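Remarks on the structure that follows.
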Amino acid sequence: MAPKKKVNNKKDNPKPFIKFENQYKVYDAGTPKERKVLVGYKPILREGGLTEEIIATGDLETLENFWNAKKNDLNPEEKEYMRARVSAAREMEKIRIDQMAKLADGKTPVSPEPDNKNGFRGFSNIKYPDIQTTGNGCWSYSFSLLLKSRGIELSQEKIRAWRPDLSGQYTNDAEKAEFLKKNNATIQRMNTDSENTVFENADILMDVLPNTSMNQISIKPFESEMIMVDGMPAQGQDLEVIKKYHNELVEQQLRETITKAIYEDHSPLAITWDGHYVTITGISPDGKKIRFENSMEAKAEDREWTMSLKDLVHEGMEPHTRKMNNHHYEPKGFDIAWLHDIKVPEYDKKAETKVTIHAEEENLAKLDENGNVTVEVPITHPTTGRVGTPATGQVHGSGISKQLTYDMQELSKRLGGKSVMGFGPGEAYSYGNMDNYYPKKIVYPKDPALQNYKYIGKDARSSIKKLYTFADDIIKIESYQNIEVPEWVNKLAPIRDALEDIVAYQNSPKSEENKAKFNKAVNTLKGLQGILNEETEDGTVFAKWKQKVNVTKRPQFIDTLQKVDKLIGINLDYSKLLDLSGDEAEATHPNDIEFREMQTQRWGAMSSKMSSVDIKLRNIMLSEILAAEAIRKSKKKAGDAHPEVTLQETRMLAAEYRQNDAFKRMLEDGNDITLAKSKDVKKLISELDEADKRIKAEGITEMDYDISARQKVVQKRCKYIVQKLEDTKTGSYTGLGVIGRRKNTTRYELALEAIRGISEVKEPSAGDVKSAVEVVKTYLVDKMEVRNRKFGRERFDLCMTFLKEVMPPKEFERYCNSVNKARGVEKNPSSDKYVNPAYYGCDGLNSGDLITEAKRRVRSGKGTDRDYATIIAIRQEYDDAGFFESDIEVSNAAERRVIMNRTEKIYHSKSFKRFMKEMTQEQKLGLIKGRCDDLLSYEKLLKPIQKAPVKQ
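Just so we're aligned: the sequence shown equals residues 195 to 1146 in this note's numbering.
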C-alpha cells in the first residue's frame, strides 16, 4: 500500500506471510482471441508443512494443536510464520477474556474525551511508538491506533498475524475445502504483505472489542461518463460546474465525517488515499485543517502532520504530486473508517432499554433476545445493500452499505436549470458509499452467562496467582524448616490447593477436568472466613499467615486477599480478622494504604532541591494530588467507605485540572514551589478555591479573547511578530561567546506555530486565541528571569508583544506583574528588570499609539487603572487643545520610555489610588474629552485628608 522505504524490519517481529501463485483460466485457447483471466490464488505449501486450513483460521486451539504436533517438522520460515500466528492468537484471546471479564463486572470500554491542543480538537496523545514495520503495514498501524483509543494495546504485528476464527464455518472436509476455495482471495490478502484495508478486517473487533461497530465512508473521484446533462454527456463549462460541485460536496462530507467521528464517536479515523493509510487525530475548530499520524516517518517527532481539507480533497480527487513523498499520483478517492460504541444496557435492563444498531433504518439490522444481530436488506431496496461476507474477510459480522448521491436539484440549479441524470439510485449521481459493520452478537454487561470470565480475566489471574504464591511459599518454607509441620500450616494447605486448582482452570478453561476442580475450589474458598479464624496452638491461621509474610509485602498481601474476596464473593470481615476498631480498620484497609502511599510519592517527587525539579513535574504532581483527593471524596460521598482510586482515572482528571484557569492562576508567581514545599493538601485545595474566586470576581471569560472586532490589525501584527521571531533564527552572537545556536526547543516551535496560526486562520475564534496564549505562556514559563543573550531577549519581548495584542488588558497586566514578582522588582518600576505593560507594541507597524489603545479600552468600559494613569501621563507631557482627536502618535522609543516611566510613578502613587477610588466615572472620563487642564494636577481634585483632633 505504501512505497517500501524507511521500513524497520525487526528480527523480533516474525512475519505471518507465505507465497502464493496466481491461478488463471484460459479463454478461446488456440485462437487469436486467446486470453488468460485471473480467477484465484493458490498458496505455495510444502508437503508436511503448513496447511490451507492453518493459514486461514485464527482459532487458537487449532493453531496450538498444529504447532505442538508439527513444530519439529517445520522449516525455519514455517516456524517463523507459526510463531507469529500463535503469539497473536494468544494475545487476542487474553484481550477477549479480559474484555468479557470487565463486561461480567459491568464495566464497559471508556472512549477518550477530545482535547484541544495547538489549534486542533481531537486526540493529541494517540500515537504509535514506532514506524510501520512492513512495506504495506500502514493499515495495521492505523487499526492499532483505533483500538488504542478504546484502551486496547495491540501491536501492528499482532494485527497482521490475526485471522478470523473459522471454527463453526464447516463441519466436514468437503465443506472445509469448499469454504477455503471460495474465500481464497481473502486468504491470500491476509497472508501476504499486499494491499489491505481496515474495514475488511473489522472482524478483529469481535475478538478484542465487543459491542463496537465500524463505520466507513468511501468516496470516488468524479466520473464524467456517469452523468448526463440534457440527455448528453457533460462537457465544457457544464463539466467544470459539476466537478466544482463534486469537490465541494466531498469536502463537506469529509468535514462532517471527521467532526462527527471525533466529537460524537470519540474516535480517530483511519483514512487511505494514494494507497497509503494515515490516522486522523484532530480537526481544527473551523473544520478547515486536519492533524494526522503518518506511519512512514522514522522519527517520532516527524510522524505528526497537518494538512488543509482543500489540499486533502485535491489529492483524492485530482491528479497531483503528493506532499508527503513528492510522487505523482492519479486520483483514487478515499476510504475513511472509525469506531462507534454500541450503547448496550446491563442484562437486567435489556427488556426495558432498546438497543439501536442501525440508527437510520432500524429494520435493516435486527437484534434478538439473545443479543444476536442479523442484517437483512431487501434486494429491492433503492439505496442500500448488504456488505460483509467471508469472501471479503468478514466472518463474524456484516453490515449495511448506503450510496451517497448528489442533490440533483441543487446541481440543476447550478447548471442554470438544465436537466441532469446520473446512473445511481433515483437517477442521481453516486459519489461514494457509507458502510456500517456490526458484530453478529452483542454482549450485555453483567450477563450471568459471563460470570466464569470473571475468574479468568487479567485482574483475576494476577490476584489468584499472587495469593497462591503467598500461601505456597510460606507452606514450603515452614515445611522445610520444621521437622513437624505446624498445625496452622496444615490448615492453610487446603486454601493453597484450592488456589492452585483455580490457576490451572485459568490457564486452560476448556479442560473438563479443570472445570470440575475449579467448582470444588470455589466452594472451598467460600468457607475461607472460617478457615482463617480457626485457632491453633500458635494463634489463628490468618494471624500466623500474615505474620510470616514479609513486612514490606503485608499491604500487598491484604490487598490481594481483598481482591480474591471480591472475586469469589467470600465477604471476609477484616475488622474481625485484624482485630481492629473502625478507625484502625480504615487506616489499614488496602485501598486506603495504597491511596496514602501514592499521595506521599507525589509529594516526594517534588521534595528534592526545588530549583532542579521541572515546573512541568510540579504541575503534574500537584494536579494528580488534587485529582486523587477529588475522586476519593466523590466515591466516599456515593457510599464507598474505602474507594479504589486508580492511576488511570486520576491522570484523566489531573489533565483536566491542568487545563483549568484557576489551577494555572494558583501556580503563578512561583506559588507552585511554595505549595510543593508545603505538602499540605488542605492548603492546596484552599488555594485552588481562592484562585477560582479571583477569576470569577474579575469576570474574565473565554469571550474576552475575542479579536473579531479588530481581527485585521491583530493578524497583521501577528504576522509581523512571526517574521521577527523567524529572524532570530539566523546570525551569531560572538560578543557573547556564542557562535550559532543549538536547535530550537519544542516549546519555542509550538509557540511560533501558535502565533502563526492566529495570523493565518480566516476567522480565529476566542477559543483559538486563548489556546494560542496558553501555548506561548508555556514557552515563557521558565523564562521569567531577564534573558542573558540577545536572541533570548528578542524572543521574550516578541512573545510578550503577542500576548499584549490578544489578551484582555487586565489579564496582561496581571501577567506582567507575575513576571515582575519572579524578577523581584514588583515594587521597583525604575529597575531595568521591570516589565512595563505599556512597553510592548509593534513599532514597525506604526502601532505604538498608546493614546488610541488606552482610549479605546476606556470608552468600551474595559479600561484598566494603568490606562487612566497612561492618559494622565501623556496629557501632562504633551497636552494641547484637541490632542486626543489628532493623529499624533507616541511611537518614538525615547518618547515611549518617558511616558512609561511617568505612567509607573503615577500608577504606584497613593494619590492616584485615591483618585481611582474616590472620583466618579464621569469625572474620570473627563480625561478623554478635549483639554483637561483641571486634571493635569489631578491630586487637587481630591478632598484633603482630615486629621484627627489633637487631644489637649
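By construction, the Cβ of each residue, glycine as well, lies at the ideal position given by its N, Cα and C atoms. Just so we're clear, the structure is a prediction, and the values are computed from it rather than from any experiment.
Excluding five sequence positions before and after R859, the CB atoms of its chain that fall closer than 7 Å to its own CB belong to A885, R888, I889, given in chain order. Your pair A698 and K711 checks out as a contact, with CB atoms roughly 7 Å apart and the cut at 8 Å. Of the candidates P749, Y942, I551, L726, the residue whose Cα lies closest to the Cα of N566 is I551. Y1009: member of the alpha helix (DSSP H) spanning 1003 to 1017, first to last residue. Residue range 528 to 535 is occupied by the beta strand (DSSP E) that includes L533. For the options A298, Q326, Y439, the alpha carbon positioned closest to that of D387 is the one of Q326. Here G626 really is in contact with I411; their C-beta atoms are around 6 Å apart, less than 8 Å.
Cβ-Cβ distances below 6 Å link G951 to G313 in the same chain, with the five nearest sequence neighbours on each side left out; the list follows chain order. The segment 436 to 447 makes contact with the segment 407 to 423: 3 or more CB pairs, one atom from each, lie closer than 8 Å. Put simply, the backbone Cα of K265 is about 7 Å away from that of K273. Counting C-beta pairs with one atom in each stretch, the segment 303 to 311 and the segment 357 to 366 have fewer than three that are closer than 8 Å, which means they do not touch. Beta-bridge pairing by DSSP links P427 to M422.
Residue pairing for S828: DSSP places it in no beta bridge. Closest in C-alpha terms to Y647, from the list S702, P323, T577, N216, comes S702. For I952, the three-state secondary structure derived from DSSP is helix. Between the alpha carbons of I465 and I474 lies a gap of roughly 7 Å.
Rounded to whole angstroms, the separation of the alpha carbons of R826 and M846 is 14 Å. Only exposed fits P513, as fewer than 16 other CB atoms lie within 10 angstroms of its CB.
Distances from the alpha-carbon of A692 to those of K704, Y662, N684, I677 put Y662 closest. Secondary structure of V231 (DSSP, three-state): strand.
Beta bridge pairing from DSSP links G300 with no other residue. Using a 10 angstroms sphere on the CB of V220, the tally of other CB atoms stays under 16, which defines it as exposed.
Annotation: D542 to L533 spans about 26 Å, alpha carbon to alpha carbon. Taking a cut-off of 8 Å on C-beta distances, the segment 720 to 740 does not touch the segment 642 to 658, as fewer than three cross pairs fall below it. Residues A250, T251, G252, M384 of the same chain have their beta carbon placed closer than 7 Å to that of R357, with the five preceding and five following residues left out of the count. Non-local beta-carbon contacts of E570 in its own chain, meaning distances under 6 Å to residues more than five positions away in sequence, are absent. Contact between S305 and R344 holds, with the beta-carbon distance rounding to 6 Å and staying under 8 Å. Assignment of alpha helix (DSSP H) within the segment 262 to 336, counting only whole runs of 4 or more residues, yields 270 to 298 in chain order. For secondary structure counted as the alpha helix (DSSP H) over 4 or more consecutive residues, the segment 592 to 633 holds these complete runs in sequence order: 602 to 608. Using a Cβ distance threshold of 8 Å, F996 and I915 count as a contacting pair. Here T1058 carries a coil assignment [DSSP, helix/strand/coil]. Separation of the CB atoms of M511 and F617 is rounded to 19 Å, and the pair is thereby denied contact status at 8 Å. The beta carbons of L761 and F736 sit about 18 Å from each other, so the pair does not count as a contact at 8 Å.
Judged by DSSP secondary structure, G986 falls outside any beta strand (DSSP E) and instead within the alpha helix (DSSP H) spanning 984 to 1000.
Judged by DSSP secondary structure, E351 falls within the alpha helix (DSSP H) whose first and last residues are 350 to 354. When secondary structure is reduced to three states using DSSP, M408 falls in the strand class.
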